[in-house]
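K.L.:
Each residue of the sequence shown is one higher than the one before, starting from 3 at the first, in my numbering.
Please see the structure below; I have some questions.
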Amino acid sequence: MSGGAQFTKWEETVRNGGILIYDVGSTASGWSTAISTAETRFNALSTALSLKVKIRAAKPEEKASAHILVAAVNGSYTFDRGKSIPPGTGSLPANGNKGATEYKATTDGLVRAYIFLPLNSKHGDFMKVVMAVHEFFHASGLHEHSDLAKPDIMAETMMPSGPDKVEAGVFNSRMMPPIWMSNETGAKIANCWS
Ligand SMILES: [Zn+2]
Numbered sequence: 003m004s005g006g007a008q009f010t011k012w013e014e015t016v017r018n019g020g021i022l023i024y025d026v027g028s029t030a031s032g033w034s035t036a037i038s039t040a041e042t043r044f045n046a047l048s049t050a051l052s053l054k055v056k057i058r059a060a061k062p063e064e065k066a067s068a069h070i071l072v073a074a075v076n077g078s079y080t081f082d083r084g085k086s087i088p089p090g091t092g093s094l095p096a097n098g099n100k101g102a103t104e105y106k107a108t109t110d111g112l113v114r115a116y117i118f119l120p121l122n123s124k125h126g127d128f129m130k131v132v133m134a135v136h137e138f139f140h141a142s143g144l145h146e147h148s149d150l151a152k153p154d155i156m157a158e159t160m161m162p163s164g165p166d167k168v169e170a171g172v173f174n175s176r177m178m179p180p181i182w183m184s185n186e187t188g189a190k191i192a193n194c195w196s
């Protein structure tokens, strides 16, 4: 979070559980299908690469204490960072190409992540799933993006290319296999959960 750290671990009790519970706020109802698919894809990657973290939607009684809050925004947003710390702020255009993940942390690690998505994304369903999976992996604690020479789901720049592909990183002629993760990125996430 500070000092150029490329990841922040969740607090130990969360890490020990190996589950991040997310809640999709009412503003993000237009994303609910994409997010549900993103959960499936996230968990499949987690299994394949032994990432040690899975995600699932909050049950009604878990909403208030969910680890990850998902909201859709039109412009500026704020998020709680804890007592006696000013709220964090950021901004996303409503029809933008990207989401954002923000964090609340204590000295023991992350205690909450906030995923912000554009309110009126013009993207098709597949790209929305890609965007959601990308932000969920940020929410798992990894701040950095994948190497430009080896773009995967954590590439900093991804653009849709037809209904079921995206172009990633500097290799604009290279089609990224749908929702793929390199072993290198997987090792970084597993490290956040060890
Ligand atoms: Zn990112």
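Every residue gets a Cβ at the ideal spot worked out from N, C-alpha and C, and that includes glycine.
State the DSSP-derived secondary structure class of Asp25, mapped to helix, strand or coil.
P.N.:
Correct three-state label for Asp25: strand.
K.L.:
Per DSSP, what are the beta-bridge partners of Gly77 in this structure?
P.N.:
Answer by DSSP bridge pairing, in chain order: Leu94.
K.L.:
Could you tell me the boundaries of the alpha helix (DSSP H) in which Phe9 lies?
P.N.:
That residue, Phe9, is in no alpha helix (DSSP H); it is neither H nor E in DSSP.
K.L.:
Please classify Glu186 as buried or exposed, where buried requires at least 16 other C-beta atoms within 10 Å of its C-beta.
P.N.:
Counting Cβ neighbours within 10 Å, Glu186 comes out exposed, since fewer than 16 surround it.
K.L.:
For Glu14, is the classification buried or exposed, using 16 other Cβ atoms within 10 angstroms of its Cβ as the cut-off for buried?
P.N.:
Classification of Glu14: exposed, given that the 10 Å Cβ count is below 16.
K.L.:
Compute the beta-carbon to beta-carbon distance between Ala96 and Gly77, rounded to the nearest angstrom, for a pair I have assumed lies under 8 Å.
P.N.:
Their Cβ separation, rounded to whole angstroms, is 7 Å, which keeps Ala96 and Gly77 in contact under 8 Å.
K.L.:
Tell me whether Thr109 sits in a helix, a strand or coil according to DSSP, three-state version.
P.N.:
Thr109 falls in the coil class under three-state DSSP.
K.L.:
Nearest-angstrom Cα distance between Ala151 and Thr159?
P.N.:
Rounded to the nearest angstrom, the two C-alpha atoms are 12 Å apart.
K.L.:
When the Cα of Val26 is compared with those of Lys106, Ala74 and Ala46, which residue comes out closest?
P.N.:
The shortest Cα separation from Val26 among Lys106, Ala74 and Ala46 belongs to Ala74.
K.L.:
Skipping 5 residues on each side, what residues in its chain have a beta carbon closer than 6 Å to that of Gly111?
P.N.:
If we look at Gly111 and ignore the five residues flanking it on each side, its Cβ neighbours are Lys11, Trp12 and Glu13.
K.L.:
Starting from Lys56, follow its DSSP beta bridges and name the residues at the other end.
P.N.:
Partner(s): Ile21.
K.L.:
Who pairs with Thr103 in a beta bridge, going by DSSP?
P.N.:
In the DSSP output, where bridge partners are listed per residue, Thr103 has Ile117.
K.L.:
Compare the C-alpha of Asn99 against each of Tyr105, Pro120, Ala107 and Lys106 and name the closest.
P.N.:
Selected option, being the one with the closest Cα: Pro120.
K.L.:
Using the C-alpha atoms, what's the distance from Pro165 back to Lys106?
P.N.:
Using only the alpha carbons, I get a separation of about 35 Å.
K.L.:
Going by alpha carbons, who is nearest to Leu47 out of His147, Ile117, Lys130 and His136?
P.N.:
Comparing Cα-Cα distances from Leu47 to each of His147, Ile117, Lys130 and His136, the minimum goes to His136.
K.L.:
In whole angstroms, give me the CA-to-CA distance for Phe9 and Glu104.
P.N.:
Distance between the alpha carbons of Phe9 and Glu104 is about 12 Å.
K.L.:
For Arg43, which residues in the same chain have their Cβ closer than 8 Å to its Cβ, ignoring the five residues on either side in sequence?
P.N.:
Closer than 8 Å at the Cβ level, and outside the excluded window around Arg43, lie Val131, Val135 and Ile181.
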